[in-house]
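A.B. asks: Structure below; questions to follow.
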Amino acid sequence: MTNSTLEISSAAEKRRRISFGITLIVVGLVIYLLFGLNTVPGTMTTFGLNLLGSQAMEVPDLVVPALPAIYFMAAIAVFVGAYQLARGVRSNGLLIGILAFTFVFAFLMWAAQDKSFNLTGMLQSSLVRATPIALAALCGVISERSAVINIGIEGIMLMSALVAVVTATVSGNLYVGLVSAILMGGLVSAFHAFLVIRFKVDQIISGVAINIFGAGATSFISSRFMAHATDTLNNSGTFPIIAIPGLSKIPILGPVLFENNLIVYLTIILVIIMHIMLFYTPWGLRTRAVGEHPKAADTLGVNVYLTRYVNVTLGGMIAGLGGAYFTIGSVGRFDEILTAGKGFIGLAAMIFGNWNPIGAYTSSLIFGFADSLQVKLQILRVPIPSEFLLMAPYIVTMIILTGVVGRAIPPAADGQPYEK
Amino acid sequence: MSNTAAPEKKERKRSSFWQELSVPALAVLTGLILGGIVILVSGENPIRAYGALFTGSFGSPARFIDGFQAYFSTGETRLLLRAFYPFTESLVTATPYIFAGLSVAIGFRCGLFNIGAEGQFFIGALCCAFVGYSISGLPMVIHLPLAILGGALGGAIWGMVPGYLKARFGAHEVVNTIMMNWIAFKLSDWLLNGPMKASGFRPVTPNVMATAELPRFFPDPLRFNLGFFIALLVAYLVYWFLFKTTLGFEIRSVGANPDAAKYAGMNIVRNFVLVMVLSGGLAGLAGTAQVLGVDHWVGQGFSAGYGFDAIAIALLGKSHPAGVVMAALLFGFLRSGATNMQSIARIPIDIISIIQGMVIIFIAAPAIIRWFYRIRAVKSDETVLTRGWGS
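As they're listed, the protein sequences go chains A and B.
The first sequence runs 4 to 423 under the numbering used here.
The second sequence runs 3 to 393 under the numbering used here.
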């Protein structure tokens, strides 16, 4: 990276460089002051790398002397910060990565000093917890690429979650539950599309109405019918863990990636399919054209309304899959408001992922990580009230939305109704 | 909403009031009919259920007769008070709705969608409770206003954060206010189990001092209090602010057309922050009215649903303070009656949320209602309320 004047095109760019550098140095100091000074010298932090009951080969645990490791993390942050101030690093992602890595690891060393912390287990639960967020984000990506905002994902997921568990319990077949959840999601989304395309209802209002309706309807049904009939309506069991032969034997990676249930695998496959569909097929080109400049797309013979109907409905089906995750994918029963804002966090993941499937999935993993970290820390009895740890995913969402960590640009026509 | 700048012709003005009213009224009616169908499908008699809703919100005629007879023959007021209880209780329920509805409405006027009334409500309630129970020895004339101010400030701070993030970074207020809601819930969990917990098992705050309570007008079972009239006064103040002051005009201009407002030299950033502060403050007052007027303490799940109800109320009231007051009264009667419906007809109170969701859709899509009931279009029906993710 050179620091020639041509590269630094504007004052804003320079400001960004300086602020990033200063932030990194401050983080380094915070690591030193907060964790370094509060860690007992000579203690060891043990990172467990094996997961109980997994098929992977056993590897020895990683034992790190806590204090030197924390100082090392602080030094990395300060060094990279200084380098950034002096020379400048081009990639925002790299800087954020270093910032998060040093801070989180120093934090873990401090939190787990003298204790054992299962790293593999946390990565595994990060992936699992990222799944519903990723599905919500993918739903957002596919419908917003055609310029329809769907803020009703939360409500759609609630309704699908309920439908999944009821149909699966009644039929005794989890796949029936899965398919009905997907259909339910598609149906509600198609209704949203109908309202915003045919009647030009404000997209956000329609989404909010779906959320209110979804929360009300699911609470109504669960307290009126399901509360007294748990065994016959609300006890479906969950999809089993499928270990992929061979691959699941790999240490660390095996239990994290290749010992999951159907919905987690489907999500990963979906990310790849959607990436290819969006960027390498005519359908994807049309979708993006409708999202960026519907008038031009219309002139070239693309059916704007049809594209939007199809995309929003497909998105709803993905959200339906996400809803299914909450019941038949994880706990096997429905509780009121069990989605707990995951649909909205998915929207933040979509924005942070710049409306790209892979980006959305990556940022969902970050949220999944924050979510599972919070659970692990409660187990470690970190002297921070659990309520504050529970706030973490929401605060991370807000920070990401500020765009300080890389500005995202929505599709140009996002949220606007199209009139011929 | 009626904030389109186009000059209306005079002759239309007279009938426009009824036209404005027709869509919301029919939306509510349609929502109730569809709700009745849901009740029917769930295996209950909708007429019985709505009967329970009615007596639960207005009171039963038989009890009124009994009450008056007892009063005139013996001077005994107990039965009479019991007869009036449902009606006053509906007004009590409507009080926080007025504030919360105004909170969302003032946001809409500036093109901001505040879904965070719920969190602001909760934080406002906690703040006013804190002022209410922690200070003692003050006379009521100082303590009560202080507690109210505390509640408004708490909500205002909670609203200011997303407002600032929107103004400074263009971060969308819809997602941010929802995130602030969850943060408020977790924060209140911690406060109610720790620093603000009263002695005892339950995670609730101590009762506020008597000097911080909003005075009640009738003896005990009736909880009708001064809060209702404060709400009406505040509704008038909001009307005056929005429609009679320069700042209010600026806010409405920013809401109607931000580009034009910017071109005219208006400070959009300042307006966003100001409106979110006001909006949060109003939501905080809603929580305050509930604490100081009704419960006198705060517990977990205290804010249950106020934020979403507020959206429905603002939309139903077309973001006009007078409309908001009417819509809030309607919801007050519905909610308060639904409690009765739940105990008599065993219909879960969530039916109101279902009806609400449908009412919002009908209000937002007046075309459905107009098509269904064959009503002529009103120009003010079509207004863009929100704009994508950008600023």
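We put the CB at the ideal spot given by N, CA and C, even for glycine.
Per DSSP, what kind of secondary structure is P414(A) in: helix, strand or coil?
C.D. replies: DSSP places P414(A) in coil when its eight states are reduced to three.
A.B. asks: N178(B) CB to nearest chain A CB: under 7 Å?
C.D. replies: yes
A.B. asks: Under a Cβ-count criterion, where at least 16 other Cβ atoms within 10 Å of its own Cβ denotes burial, should M60(A) be classed as buried or exposed?
C.D. replies: exposed
A.B. asks: Closest Cβ-Cβ distance between A214(B) and chain A: below 7 Å?
C.D. replies: no
A.B. asks: Under 8 Å: do the stretch 265-285 of chain B and the stretch 156-172 of chain B share three or more Cβ pairs, one atom per stretch?
C.D. replies: yes
A.B. asks: Closer than 7 Å by beta-carbon distance: list the chain A residues that pair up with D191(B), in chain order.
C.D. replies: E390
A.B. asks: Return the first residue and the last residue of the beta strand (DSSP E) that M394(A) is part of.
C.D. replies: Per DSSP, M394(A) belongs to no beta strand (DSSP E); it is in the alpha helix (DSSP H), S389 to L404.
A.B. asks: Rounded to a whole number of angstroms, what is the C-alpha to C-alpha distance between V259(A) and I79(A)?
C.D. replies: 27 Å
A.B. asks: Kindly indicate if chain A contains any beta-carbon less than 7 Å away from that of F274(B).
C.D. replies: Not closer than 7 Å to any Cβ of chain A, the Cβ of F274(B) fails to qualify, so no.
A.B. asks: Taking three-plus beta-carbon pairs below 8 Å as touching, is the stretch 176-186 of chain B in contact with the stretch 112-123 of chain B?
C.D. replies: yes
A.B. asks: Cα separation between N362(B) and D191(B)?
C.D. replies: Note that residue 362(B) is Ile in the sequence shown here, rather than Asn. Straight-line Cα distance between these residues: approximately 31 Å.
A.B. asks: On the criterion of 16 or more Cβ atoms from any shown chain inside 10 Å, does S94(A) qualify as buried, or is it exposed?
C.D. replies: exposed
A.B. asks: Anything in the stretch 100-119 of chain A with a Cβ closer than 7 Å to a Cβ of chain B? List those residues in chain order, please.
C.D. replies: none
A.B. asks: Applying a beta-carbon distance threshold of less than 7 Å, which residues of chain A neighbour K188(B)?
C.D. replies: E390, L393 and M394
A.B. asks: With M508(A) and A322(A) assumed to form a contact (beta carbons below 8 Å), what rounded beta-carbon distance in angstroms separates them?
C.D. replies: Because chain A spans 4 through 423 in this model, residue 508(A) falls outside it and cannot be assessed.
A.B. asks: Does the beta carbon of I353(B) come closer than 7 Å to any beta carbon on chain A?
C.D. replies: yes
A.B. asks: Rounded to whole angstroms, how far is the Cβ of T90(B) from the Cβ of L276(B), which I believe are closer than 8 Å?
C.D. replies: Between L276(B) and T90(B) the Cβ distance is about 36 Å, and since that is not below 8 Å, they are no contact.
A.B. asks: Can you tell me which residues form a DSSP beta bridge with E262(A)?
C.D. replies: DSSP lists A246(A) as partners of E262(A).
A.B. asks: Taking CB distances under 7 Å as the criterion, tell me whether L184(B) reaches chain A.
C.D. replies: Note that residue 184(B) is Trp in the sequence shown here, rather than Leu. Nearest CB-CB separation between W184(B) and chain A: below the 7 Å threshold.
A.B. asks: Check the Cβ of L167(B) against every Cβ in chain A and list those closer than 8 Å, keeping chain order.
C.D. replies: M401, L404 and T405
A.B. asks: From the beta carbon of R384(A), is the nearest beta carbon of chain B less than 7 Å away?
C.D. replies: no
A.B. asks: Quick check on V43(A): does DSSP put it in helix, strand or coil?
C.D. replies: coil
A.B. asks: Decide if N5(B) is buried, meaning its Cβ has at least 16 other Cβ atoms within 10 Å, or exposed.
C.D. replies: Low local confidence applies: a pLDDT of 46 at N5(B) is under 50, so the model's placement there is unreliable, with the coordinate-based value given in what follows. N5(B) is buried by the Cβ-count criterion.
A.B. asks: Can you tell me the Cα-Cα spacing of Y135(B) and G39(A), whole angstroms?
C.D. replies: Cα to Cα, Y135(B) sits roughly 40 Å from G39(A).
A.B. asks: Could you check which residue in N214(A), M277(A) and F355(A) has the C-alpha nearest to that of G2(B)?
C.D. replies: Since the first residue of chain B shown is 3 and the last is 393, residue 2(B) is not available in this structure.
A.B. asks: Is there a C-beta anywhere in chain B that falls below 7 Å from the one on A220(A)?
C.D. replies: yes
A.B. asks: Let's see if you can read the secondary structure: which residues bound the alpha helix (DSSP H) around F132(B)?
C.D. replies: A119 to S136 is the span of the alpha helix (DSSP H), which, as asked, contains F132(B).
A.B. asks: Who are the neighbours of G344(A) on chain B, taking C-beta pairs under 7 Å?
C.D. replies: I180 and W184
A.B. asks: List the whole-angstrom C-beta distance separating K423(A) from M125(A), where the pair is believed to meet the contact cut-off of C-beta under 8 Å.
C.D. replies: The Cβ separation is near 52 Å, so there is no contact.
A.B. asks: If the cut is a Cβ gap below 7 Å, which residues of chain B does Y397(A) touch?
C.D. replies: Result: M181, W184 and I185.
A.B. asks: For the beta strand (DSSP E) that contains N121(A), what are its first and last residues?
C.D. replies: Residues S119 to N121.
A.B. asks: Taking 7 Å as the threshold (C-beta atoms), are I28(A) and V92(A) in contact?
C.D. replies: For V92(A) and I28(A), no; Cβs fall outside 7 Å.
A.B. asks: Label M142(B) either buried or exposed according to how many other C-beta atoms from any shown protein chain fall within 10 Å of its C-beta, with 16 as the threshold for buried.
C.D. replies: exposed
A.B. asks: Determine whether the Cβ of A193(A) lies closer than 7 Å to any Cβ atom of chain B.
C.D. replies: No, A193(A) does not count as interfacial toward chain B.
A.B. asks: Of all Cβ atoms in chain B, is any one closer than 7 Å to the Cβ of D338(A)?
C.D. replies: no
A.B. asks: Chain A partners of Q358(B), CB-CB under 9 Å?
C.D. replies: A212, I215, F216 and G219
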